[in-house]
Structures are given as structure tokens and as C-alpha cells.
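> Got a structure here, written out as C-alpha cells. Questions coming.
Residue numbers (this note's numbering), protein chains in the order written: chain D, 10 to 125; chain Y, 989 to 1101.
Written as C-alpha cells, this is what we have:
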């Protein structure tokens, strides 16, 4: 079956612009996670959705970052007024259920964001 | 902040040798997971060990957990060139929404053919 997909795979933008990154989770997975990974580092948690609601958004670095999941499936990570420091690979993951520490997460290939 | 810290940061071995990577963490955990990341293939879950387990095996992988030392190790036996990847430990941190996964910085393993 299809895994987690993310689009675009690469995004180059200019400082100050707005970008949207999309994640299509595995069908039927209720939990969805966004991470950011800088070069040479592990993934950094941003936000976690259980269904349509953001169960934990404590990892969002500031109010320029926002994410939605209106129908409990596809999610969009939105970044306003991009800064060069936002350049990273943005990873999305889904799991069958949330709320448990034992759920394996299935990751997408990521979107590489470059802010010039 | 990152919970798990891997050691070594990088490891280069010959095919057929064993590779051992270590992870230390700071707070109490329910479980610890190991992931592998190949360039172009994304993160893949390898194995999960619960806090009441001390050792777990999966194929050529052996994971140990010492909760008294807040550390875990991942052993890959009879390594292959295809094992070349970055390996991350991850712990689940409880929060109001359930759990969020905290990754370490990773160990970069290079297996020479």
C-alpha cells in the first residue's frame, strides 16, 4: 500500500515569502506528526495531530508556523515570512493511533525547504 | 531540546564486522525506539524496547536498555554495505496531548564493502 507522501519534495523560496508544505498520511492513520530536520541533526518535533485537532503544538518555533488538518487526513504546514533559518527538511509521519508511546511512526520522504 | 544523545557521532567499519551505537537520555521513559535513515528513503522504524525490557532482538539487530543508567545500545551484527545509514534513538515524552517523540542527533554508520 501507499506510504506517507509529501509534496513538494523540494521548495526554494525567498526570504519573507509564504510557503505551504503538504503531507498525505497513510490511509486510516489517525495520528499525524510534523518534524523539522537540520543537517547533521535528528528530527525535531513540531506538532502532532490526533484526527483534526492539534493535540500538541509545543514544538512550533514561533507564530510564523501553523499547521492544519481539516478533514483528519491531509495536513498542511504553513510558514509565513520565511527566514533563512527555516531552511531544513520537513518530515511528516503518521501512525494508526495516537495517544500512546508505543505506536510506530511511518515517515514520509520529507520536503527540503531552502530559503534564500 | 533533544532527549537522546547518540555515541559515537560517526562510525566506519568493514563489511562483516559488528557495529555498536549507544544512546543516552535524560528523563524517565515508557519505551525507546531506534530508527534508521538512508539518504532518499526517509526514516524507518527498526525496533522498540519497553522500559521493563532489558534486551530485544530483531534479525541482525540487538537492542539493550539500562534504565538505571538511562542508556541504550544498538548492535548490528555481520554488517553489510546496505546498513550504511544514520541511526537515531527516540524516546516518547508525555505531554497533555499524549506523547511526542524526541530524537537524538544520530550516529552516522558507514560500512565499507
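Glycine residues also receive a C-beta, built at the ideal position from the N, C-alpha and C atoms.
Tell me which residues share the same chain as residue 75 (chain D) and place their Cβ nearer than 6 Å to its Cβ, disregarding the 5 neighbours each side in the sequence.
Counting only Cβ-Cβ distances below 6 Å, and skipping sequence neighbours, we find 87.
> At the 8 Å Cβ level, is residue 57 (chain D) part of the contact set with chain Y, yes or no?
Judged by the 8 Å Cβ criterion, residue 57 (chain D) is in contact with chain Y.
> If contact is defined by three or more beta carbon pairs under 8 Å, each pair taking one atom from either stretch, is the stretch 997 to 1004 of chain Y in contact with the stretch 1043 to 1051 of chain Y?
Flag = no, the stretch 1043 to 1051 of chain Y and the stretch 997 to 1004 of chain Y do not touch.
> Flag residue 1089 (chain Y) as yes if its beta-carbon sits less than 8 Å from any beta-carbon of chain D, otherwise no.
Interface residue, yes.
> Thinking residue 1024 (chain Y) and residue 1034 (chain Y) are a contact (beta carbons under 8 Å), I'd like their distance in whole angstroms, please.
That belief holds up - the Cβ atoms of residue 1024 (chain Y) and residue 1034 (chain Y) are roughly 6 Å apart, short of 8 Å.
> So which residues of chain Y does residue 80 (chain D) contact, with C-beta pairs closer than 9 Å?
Correct list: empty, because the minimum Cβ distance to chain Y is about 19 Å.
> For residue 54 (chain D), which residues in chain Y fall below 7 Å Cβ to Cβ?
Going along chain Y in sequence order, the residues near residue 54 (chain D) (Cβ under 7 Å) are 1088, 1089, 1090.
> For the stretch 63 to 74 of chain D, list every residue whose C-beta sits within 9 Å of some C-beta in chain Y, in sequence order.
Those would be 63, 64, 65, 66, 67, 68, in chain order.
> Residues of the stretch 1028 to 1052 of chain Y in Cβ contact with chain D at a cutoff of 8 Å, in chain order, please.
Cβ contacts with chain D: 1028, 1029, 1030, 1031, 1032, 1033, 1036, 1038.
> From residue 1059 (chain Y) to residue 1012 (chain Y), what distance separates their C-alpha atoms?
Approximately 4 Å, taken between the alpha carbons.
> Hey, out of D:121, D:53, D:113, D:30, whose CA is closest to residue 70 (chain D)'s CA?
That would be D:53, whose Cα lies nearest to the Cα of residue 70 (chain D).
> Comparing alpha-carbon positions, which option in Y:1057, Y:1032, Y:1066, Y:1020 lies nearest residue 1074 (chain Y)?
Measuring from the Cα of residue 1074 (chain Y), the nearest candidate turns out to be Y:1032.
> Got a sec? Which residues, its chain only, sit under 7 Å from residue 97 (chain D) by beta carbon, not counting five neighbours each side?
Closer than 7 Å at the Cβ level, and outside the excluded window around residue 97 (chain D), lie 45, 46, 47, 122.
> Hey, is residue 1098 (chain Y)'s beta-carbon within less than 8 Å of any beta-carbon in chain D?
No, its Cβ sits nowhere closer than 8 Å to a Cβ of chain D.
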